[in-house]
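Reviewing the structure listed below.
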Amino acid sequence: EAQVTQNPRYLITVTGKKLTVTCSQNMNHEYMSWYRQDPGLGLRQIYYSMNVEVTDKGDVPEGYKVSRKEKRNFPLILESPSPNQTSLYFCASSSYLAGGSYEQYFGPGTRLTVT
Amino acid sequence: AQSVTQLGSHVSVSEGALVLLRCNYSSSVPPYLFWYVQYPNQGLQLLLKYTTGATLVKGINGFEAEFKKSETSFHLTKPSAHMSDAAEYFCAVSLKAAGNKLTFGGGTRVLVKP
Chain A
46 EAQVTQNPRY LITVTGKKLT VTCSQNMNHE YMSWYRQDPG LGLRQIYYSM
96 NVEVTDKGDV PEGYKVSRKE KRNFPLILES PSPNQTSLYF CASSSYLAGG
146 SYEQYFGPGT RLTVT
Chain B
2 AQSVTQLGSH VSVSEGALVL LRCNYSSSVP PYLFWYVQYP NQGLQLLLKY
52 TTGATLVKGI NGFEAEFKKS ETSFHLTKPS AHMSDAAEYF CAVSLKAAGN
102 KLTFGGGTRV LVKP
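As given, the protein sequences belong to chains A and B, one line each in that order. My numbering applies: residue 46 is where the first sequence begins, and numbers increase by one. My numbering applies: residue 2 is where the second sequence begins, and numbers increase by one.
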């Protein structure tokens with residue numbers, strides 16, 4: 046089954062404690078990205094990757110890091126989480142050709158609470 | 002930069018009634034347009050998309066949307082609401098020049114009353 050998986054699904058942590066949210070896709074997609082969802086703001090892109098070892102900032106990258114060492118994995122790293130990073134996080138993947146018309150497949154989400 | 006506005010953060014409809022969700026975008030060039038649905042505790046699922054060609058697009062679960070360039074709109078409709086349509090709906094756009102990046106509206110939560 047084609048899918049995007051994220052772990053963990055729920056996480057409660059304390060300010061400053063480094064954490065990693067994993068994302069994996071089994072569709073051999075080139076493009077992967079992370080979004081955060083906040084009430085009334087919809088989803089906003091944090092980082093994206095167009096292929097292995099190619100990553101770039103989205104609209105709200107402050108406080109986050111990513112890496113893309115393998116095509117299927119795209120972890121999101123919060124080195125020093127703060128309460129304003131409490132949010133619902135989604136990983137997404139899609140095929141990529143110049144144009145942007147490809148459907149993005151979303152993971153089930155990770156609900157993060159930073160106290 | 003493009004932006005997306007969804008009018009109404011909450012919409013309540015009766016079962017069997019028309020569902021109309023409004024989406025307007027701002028972009029200097031024609032974008033690609035998407036509607037996604039999010040059911041409780043789940044990720045986003047694509048309902049439909051417009052890229053080129055026919056401006057009336059049909060999607061899954063009986064939804065359709067019409068791209069109106071002159072109005073910069075992409076409103077989503079369904080003739081008859083079902084209880085299972087209760088969810089949050091997101092309009093999104095992407096530009097050719099921006100690759101696969103999606104810019105989302107704030108979302109509209111639909112409540113279906115029996």
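We put the beta carbon where it would ideally sit given N, CA and C, even for glycine.
Item to check | Status (buried if at least 16 other CB within 10 Å, exposed otherwise) for K76(B) | outcome: Sequence check: residue 76(B) is His here, not Lys. Buried, because 16 or more other Cβ atoms sit within 10 Å of the Cβ of H76(B).
Checklist entry - Quick one, which residues of the region 6 to 25 of chain B are near chain C if we go by CB-CB under 9 Å, in chain order? => result Within the model displayed, chain C is absent; protein chains A and B are what it includes.
Checklist entry - Roughly how far, in whole angstroms, is the beta-carbon of Q39(B) from the beta-carbon of G107(B), given that I think they are within contact range, below 8 Å? => result Contact flag wrong, Cβ pair sits at about 13 Å.
Checklist entry - Any idea if Q51(A) is buried or exposed, counting beta-carbon neighbours within 10 angstroms, 16 or more meaning buried? => result Its Cβ being crowded by 16 or more others within 10 Å, Q51(A) is buried.
Checklist entry - Helix, strand or coil for S28(B) per DSSP? => result Residue state, collapsed to three classes: coil.
Item to check | beta strand (DSSP E) runs wholly inside the region 31 to 89 of chain B, at least 3 long, in chain order | outcome: Taking only runs of at least 3 residues, the beta strand (DSSP E) segments lying wholly in the region 31 to 89 of chain B are 33 to 39, 45 to 51, 57 to 59, 65 to 69, 74 to 79.
Checklist entry - Is the beta carbon of L47(B) sitting closer than 8 Å to the one on E75(A)? => result No; because the gap between Cβ atoms is not below 8 Å, this pair is not in contact.
Item to check | Alpha-carbon to alpha-carbon, Y134(A) and L157(A) | outcome: Cα to Cα, L157(A) sits roughly 7 Å from Y134(A).
Checklist entry - Looking at the C-beta of P153(A), does it have a partner C-beta in chain B at a distance below 8 Å? => result It does; some Cβ of chain B falls within 8 Å.
Next on the checklist: For a quick check, are the C-beta atoms of L57(B) and E72(B) less than 8 Å apart?
Outcome noted: Going by C-beta atoms, L57(B) is not nearer than 8 Å to E72(B).
Next on the checklist: Looking only at its chain, what residues have a beta carbon closer than 6 Å to the beta carbon of A137(A), apart from the 5 residues adjacent to it on each side?
Outcome noted: By the criterion of a C-beta distance shorter than 6 Å, A137(A) is surrounded in its chain by S78, Q149, F151, once the five residues flanking it on both sides are discounted.
Item to check | Interface residues of chain A facing G108(B) [CB-CB closer than 9 Å] | outcome: Near G108(B) (Cβ distances below 9 Å), the residues of chain A are Q82, P84, G85, L86, G87, L88.
Next on the checklist: Measuring only the C-alpha atoms, how far is T100(A) from G63(B)?
Outcome noted: Between the alpha carbons of T100(A) and G63(B) lies a gap of roughly 37 Å.
Item to check | Three-state secondary structure (DSSP) of Q70(A) | outcome: Collapsing the DSSP output to three states places Q70(A) in a strand.
Checklist entry - By how many angstroms is the C-alpha of Q90(A) removed from the C-alpha of E115(A)? => result The straight-line gap from Cα to Cα measures roughly 21 Å.
Item to check | Three-state secondary structure (DSSP) of N129(A) | outcome: In the structure shown, N129(A) sits in a helix (DSSP, three-state: H, G or I).
Checklist entry - If you draw a straight line from the alpha carbon of Y51(B) to that of S139(A), how long is it in whole angstroms? => result Taking the Cα positions, Y51(B) is about 16 Å away from S139(A).
Checklist entry - V113(B) by DSSP, collapsed to three states: which one? => result Note: V113(B) maps to strand in three-state DSSP.
Next on the checklist: If I measure Cβ to Cβ from T67(A) and keep anything under 6 Å in the same chain, skipping five residues before and after, which residues do I get?
Outcome noted: Result list for T67(A): N52, P120, in chain order.
Checklist entry - Does DSSP put L96(B) in a helix, in a strand, or in coil? => result In the structure shown, L96(B) sits in coil (DSSP, three-state: anything other than H, G, I, E or B).
Checklist entry - Cα-Cα, which of A93(B), E89(B), K59(B) is closest to T78(B)? => result Checking every option, the nearest Cα to that of T78(B) belongs to K59(B).
Checklist entry - When you compare each of Q48(A), L56(A), S127(A) to N73(A) by their alpha carbons, which one comes out closest? => result Nearest option by C-alpha distance: Q48(A).
Checklist entry - For G17(B), which residues of its own chain have a beta-carbon under 7 Å away from its beta-carbon, when the five flanking residues on both sides are left out? => result Excluding positions up to five away in sequence, the list reads S81, A82.
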